[in-house]
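Take a look at the structure below.
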Amino acid sequence: MLFSLEQCNFRNLKEFSLEFSSGITIVSGKNGQGKSNLLEAIHIICQGFSFRTKTLQEAINWNADSFVLRAKTGKNEAAIQADSSGVKGKLNGKEFRRASTLFGSAPLVFISPEDIRLAKGAPEDKRSFLDELLCFSKKSNLDLLRRYRRVLQQRNRWLKDSLEGDASGGEYLFEALTEQLAVLAESVWEERKNICEILEPHINDFYQTLCSKSEEIKFSYTRALSKEDFLKVLREKFNAERASGTTLAGPHRDDIELLIQGYPMRDFGSQGQCRSIALAMKFSAAEIIEKHSGEKPILLLDDIFAELDHSRREAVAKIVKQKECQVFAATPSREDLPFEGDACLRTDAIFI
9 MLFSLEQCNF
19 RNLKEFSLEF
29 SSGITIVSGK
39 NGQGKSNLLE
49 AIHIICQGFS
59 FRTKTLQEAI
69 NWNADSFVLR
79 AKTGKNEAAI
89 QADSSGVKGK
99 LNGKEFRRAS
109 TLFGSAPLVF
119 ISPEDIRLAK
129 GAPEDKRSFL
139 DELLCFSKKS
149 NLDLLRRYRR
159 VLQQRNRWLK
169 DSLEGDASGG
179 EYLFEALTEQ
189 LAVLAESVWE
199 ERKNICEILE
209 PHINDFYQTL
219 CSKSEEIKFS
229 YTRALSKEDF
239 LKVLREKFNA
249 ERASGTTLAG
259 PHRDDIELLI
269 QGYPMRDFGS
279 QGQCRSIALA
289 MKFSAAEIIE
299 KHSGEKPILL
309 LDDIFAELDH
319 SRREAVAKIV
329 KQKECQVFAA
339 TPSREDLPFE
349 GDACLRTDAI
359 FI
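Following my numbering, the numbering of the sequence shown begins with 9 at its first residue and continues without gaps.
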């Protein structure tokens with residue numbers, strides 16, 4: 009649970025210090041008044057990254073040099089500051105220089121209309137969704153994914169330098185990087201395959217609740233090679249990789265199979281079906297996070313009800329109430345919400 013949040017110079021928000029209760033907090037106000045900014049601030053202080061931008065510096069108020077966020081949760085006290093030189097902060101009194109230190113300090117799930125990309129978007133969207141869950145399910149996976157990306161970057165740099173005739177370390181370094189990449193890729197594939205197998209039944213259950221239909225959803229990771237098989241693939245692609253200057257195979261390029269009644273959701277799913285599967289995926293993520301963290305995750309709902317029909321709104325409300333999580337529901341119109349809140353924040357009175 010998030011007990012309090014303080015901020016200074018975060019986006020367009022007025023400096024504030026807020027305390028929160030358990031249950032559902034409705035964040036209401038006109039568009040552009042800071043509803044999503046508040047949810048983003050909560051996301052950063054609990055997870056260490058933004059759901060909007062790649063760098064935290066982009067969230068600094070235009071008239072300031074840095075922003076500061078402070079929060080108290082059930083187990084932790086956290087503070088983070090971002091400025092042009094980087095990020096620094098404290099978690100329970102211990103200083104850090106890497107925002108990812110905050111990851112999982114207060115587990116949460118962010119849900120927005122843009123989540124439809126999980127059903128209709130690029131493979132990268134589903135990979136990011138899976139990888140975030142991997143880090144929740146096992147702390148060592150954060151290091152695994154970081155090491156894979158670091159070796160991938162080094163291998164790609166060698167390929168680009170080779171294209172320009174200036175690859176340091178020669179073939180020996182390239183072979184060593186390729187060997188490391190294959191070892192790490194095998195582990196990433198195994199972890200992703202396992203999490204997909206855990207997710208699939210949850211996704212089917214939530215989808216049927218949201219749609220009241222018995223349509224079968226298949227969510228599986230079909231690409232999972234052994235180290236030896238992956239090395240063979242890389243050898244076969246070597247000439248093409250050297251010509252393009254980038255690694256052409258691996259976990260960073262995979263897709264996840266998402267089918268409805270045996271057909272690709274991206275091509276055959278209706279708008280309503282795609283929104284339902286995206287919601288089912290996010291609620292399934294909340295189940296897994298709770299199982300592995302031992303805590304009910306905070307739910308951040310960013311204006312998700314305006315795009316849903318009446319039956320889906322009621323189904324979402326039922327799921328939210330059953331989870332008994334702390335919820336922050338942002339909406340421009342309280343009439344769109346299918347439930348009453350335990351507390352309400354009006355952005356026009358607090359943030360501007």
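Even glycine gets a Cβ: it sits at the ideal position worked out from N, Cα and C.
Quick one: what does DSSP say residue i is sitting in, helix, strand or coil?
i, result
"P272", "strand"
"S228", "strand"
"T61", "coil"
"C16", "strand"
"C333", "coil"
"Q89", "strand"
"A257", "coil"
"A314", "coil"
"L21", "coil"
"F111", "coil"
"R78", "strand"
"L126", "helix"
"K102", "strand"
"S292", "helix"
"I68", "strand"
"I34", "strand"
"F28", "coil"
"E348", "coil"
"G94", "strand"
Once you ignore the five residues that flank residue i on each side, which residues in its own chain have a CB closer than 8 Å to its CB?
i, result
"V95", "L64, I88, Q89, R105, R106 and A107"
"T81", "M9, L10, F11, C54, S113 and A114"
"D350", "S29, S30, G31, I32 and T33"
"G37", "K43, P340, R354, T355, D356 and F359"
"K270", "A small fix is needed here, since residue 270 is Gly in this sequence, not Lys. Closer than 8 Å at Cβ, skipping near neighbours: E224 and K226."
"I306", "M9, L10, I50, C54, A114, P115, L116, V117, C333, Q334, V335 and F336"
"S234", "E194"
Assuming residue i and residue j form a contact by the criterion Cβ under 8 Å, report the distance between their Cβ atoms to the nearest whole angstrom.
i, j, result
"I68", "N17", "6 Å"
"C204", "Y229", "4 Å"
"S292", "L218", "That pair is no contact at about 11 Å."
"V324", "L316", "7 Å"
"R78", "E14", "4 Å"
"L152", "S120", "In fact, because the Cβ distance is near 28 Å, the residues do not count as touching under 8 Å."
"T254", "N164", "5 Å"
Kindly list the residues whose CB is nearer than 6 Å to the CB of residue i, restricted to its own chain and excluding five residues on each side of it in sequence; keep chain order.
i, result
"K226", "L267"
"R283", "I124"
"V76", "C16 and Q89"
"A232", "W197 and K201"
"R321", "F313 and P346"
"K98", "A87"
"S25", "E14"
"D361", "Because residue 361 is not part of the residues shown, which for the chain are 9 to 360, the question remains open."
"D73", "D91"
For residue i versus residue j, is the C-beta distance shorter than 8 Å?
i, j, result
"F144", "S252", "no"
"P259", "W197", "yes"
"C333", "K299", "no"
"A288", "L309", "no"
"I285", "M273", "yes"
"A248", "V117", "no"
"I296", "L141", "yes"
"R155", "L192", "yes"
"L47", "F336", "yes"
"A130", "L110", "no"
"L160", "L189", "yes"
"E224", "N212", "yes"
"S319", "S220", "yes"
Nearest to residue i by alpha carbon, out of the options?
i, options, result
"G173", "S58, P259, R250 and S319", "R250"
"G280", "A294, F313, A130 and E265", "F313"
"F57", "S136, E23, G101 and N84", "S136"
"L239", "E223, L256 and Q162", "L256"
"E122", "K168, F59, K147 and N84", "F59"
"F246", "E183, G270, K221 and Y215", "E183"
"G101", "D91, K83 and H210", "K83"
"K128", "N71, S278, S93 and L307", "S278"
"N71", "V35, E23 and K62", "E23"
"D133", "E348, D237 and D262", "D262"
"E187", "N45, D237 and C352", "D237"
"Y215", "K290, Q330 and E348", "K290"
Is the beta carbon of residue i within less than 7 Å of some heavy atom of the ligand COA?
i, result
"Y271", "The ligand COA is absent from the structure shown, which contains no ligands of any kind."
Could you name the residues of the same chain whose beta carbon sits closer than 7 Å to that of residue i, not counting the 5 residues immediately before and after it, in chain order?
i, result
"R342", "I34 and S36"
"N149", "L142, C143 and E199"
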